[in-house]
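For reference, the structure is listed below as structure tokens.
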């Protein structure tokens with residue numbers, strides 16, 4: 210599934226890496242534990258996390274994650290974006306105003322893992338308690 | 003390929019910069035066109051070690067020696083040392099502070115990750131005398147898919 214399709218389906222705000230949207234996402238994973246991210250296979254993966262921190266970005270870069278989606282209303286500050294730029298982070302960062310647990314926001318048709326080690330396959334649209342989405346994605350300099 | 007050494011100083015509890023050295027090493031190894039799976043393993047070990055030093059230890063130094071057929075990674079800090087290495091190697095065991103846990107660390111997988119991703123690991127420490135973790139990575143080691 211193309212990252213651009215996921216961004217559109219989640220109505221995500223693009224924070225960084227707008228030139229990465231043609232990447233193919235194979236798996237989605239959700240975790241707030243950095244070591245969990247490092248243990249899992251991360252080839253072609255999109256990471257959903259509620260940790261909007263510099264460490265989350267650096268962990269994702271070390272692990273080889275393709276894209277990061279910050280969930281649970283956790284919008285990263287400018288220092289997080291700067292950390293991605295400074296590290297030459299070759300993936301994109303996104304934000305969605307979703308109050309549901311990360312595992313409930315996985316895009317339709319995707320498979321992946323959550324922090325409790327159960328495989329997740331989301332066959333439906335985002336849950337009914339999804340916050341009102343942004344009108345349109347916005348680039349972030 | 004001639005041997006190459008790179009060294010980095012890590013400041014204790016400097017979370018704003020924690021991980022930068024590991025990313026620098028990762029980018030360097032990528033630029034040298036080493037196998038991507040190997041680079042990932044080395045980067046994970048370095049990052050886990052760097053974060054351990056920032057979270058638990060005193061100031062630290064990371065030394066990377068890039069040889070023709072292997073790479074060695076040493077992370078040496080002047081922190082409190084590890085009281086029980088065998089226990090610290092158990093997945094899930096952690097002495098991380100609440101501050102570290104709020105940043106997503108402290109799951110107790112640092113040392114196990116380092117052991118699983120390196121081809122050889124040696125830990126030298128004594129309580130109150132710092133910790134030195136020495137790892138080796140063989141370029142031709144056969145492993146499963148990461």
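Protein chains in written order, with this note's numbering: chain E, 210 to 350; chain S, 3 to 148. Glycine is no exception: its CB is placed at the ideal position from the N, C-alpha and C atoms.
Quick check on residue i: does DSSP put it in helix, strand or coil?
| i | result |
| --- | --- |
| residue 213 of chain E | helix |
| residue 49 of chain S | helix |
| residue 222 of chain E | strand |
| residue 255 of chain E | strand |
| residue 328 of chain E | Bear in mind that a pLDDT of 33 at residue 328 of chain E, under 50, signals an unreliable position, so the number given afterwards is only what the model happens to contain. It is a strand residue. |
| residue 5 of chain S | coil |
| residue 134 of chain S | strand |
| residue 180 of chain S | Residue 180 of chain S is absent from the structure shown; chain S starts at 3 and stops at 148. |
| residue 15 of chain S | coil |
| residue 142 of chain S | coil |
| residue 343 of chain E | Its pLDDT being 29, under 50, residue 343 of chain E is placed unreliably in this model, and the value from its coordinates should be taken loosely. Coil, per DSSP. |
| residue 322 of chain E | Confidence is the limiting factor: at residue 322 of chain E the pLDDT is only 48, short of 50, which leaves the residue's position unreliable, though a coordinate-based value still follows. The answer is strand: DSSP assigns residue 322 of chain E an E or B state. |
| residue 288 of chain E | helix |
| residue 10 of chain S | strand |
Going by the CB atoms, is the gap between residue j and residue i shorter than 9 Å?
| i | j | result |
| --- | --- | --- |
| residue 267 of chain E | residue 21 of chain S | yes |
| residue 302 of chain E | residue 253 of chain E | no |
| residue 112 of chain S | residue 260 of chain E | no |
| residue 265 of chain E | residue 280 of chain E | no |
| residue 48 of chain S | residue 68 of chain S | no |
| residue 64 of chain S | residue 77 of chain S | yes |
| residue 66 of chain S | residue 8 of chain S | yes |
| residue 114 of chain S | residue 83 of chain S | no |
| residue 110 of chain S | residue 95 of chain S | yes |
Just to confirm the assignment, what range does the alpha helix (DSSP H) spanning residue i have?
| i | result |
| --- | --- |
| residue 268 of chain E | 263-272 |
| residue 116 of chain S | 112-119 |
| residue 245 of chain E | 243-248 |
| residue 27 of chain S | 22-33 |
| residue 102 of chain S | 100-104 |
| residue 109 of chain S | Looking at the DSSP string, residue 109 of chain S is not in any alpha helix (DSSP H), and its letter there is neither H nor E. |
Ends of the beta strand (DSSP E) at residue i?
| i | result |
| --- | --- |
| residue 238 of chain E | 236-239 |
| residue 126 of chain S | 122-127 |
Could you work out which residues of chain B lie near residue i, taking near to mean beta carbons separated by less than 7 Å?
| i | result |
| --- | --- |
| residue 42 of chain S | Among the protein chains of the structure shown, namely E and S, there is no chain B. |
Tell me residue i's beta-bridge partners as DSSP assigns them.
| i | result |
| --- | --- |
| residue 79 of chain S | S:62, S:133 |
| residue 302 of chain E | E:225, E:277 |
| residue 74 of chain S | S:67, S:138 |
| residue 233 of chain E | E:211 |
Self-check item: Contact list for the segment 57-80 of chain S against chain E, Cβ threshold 7 Å
Solution: Answer set for the segment 57-80 of chain S: empty.
Self-check item: Interface positions of the segment 10-29 of chain S facing chain E (Cβ-Cβ less than 8 Å), listed along the chain
Solution: Correct list: 17, 18, 20, 21, 22, 24, 25, 28, 29.
Exercise. Output, in sequence order along the chain, the residues in the segment 270-298 of chain E whose CB is closer than 9 Å to any CB in chain S.
Key: Flagged, chain order: 270, 271, 272, 273, 288, 292, 295, 296, 297, 298.
Quiz item: Relative to chain S, which residues along the segment 225-240 of chain E have a C-beta separation below 7 Å, given in chain order?
Solution: Listed by position, the residues of the segment 225-240 of chain E near chain S (Cβ gap below 7 Å) amount to none.
Quiz item: When Cβ atoms are compared, which residues of the segment 109-130 of chain S fall closer than 7 Å to chain E?
Solution: 109, 111, 112, 115: these are the residues of the segment 109-130 of chain S whose beta carbon lies less than 7 Å from some beta carbon of chain E, given in chain order.
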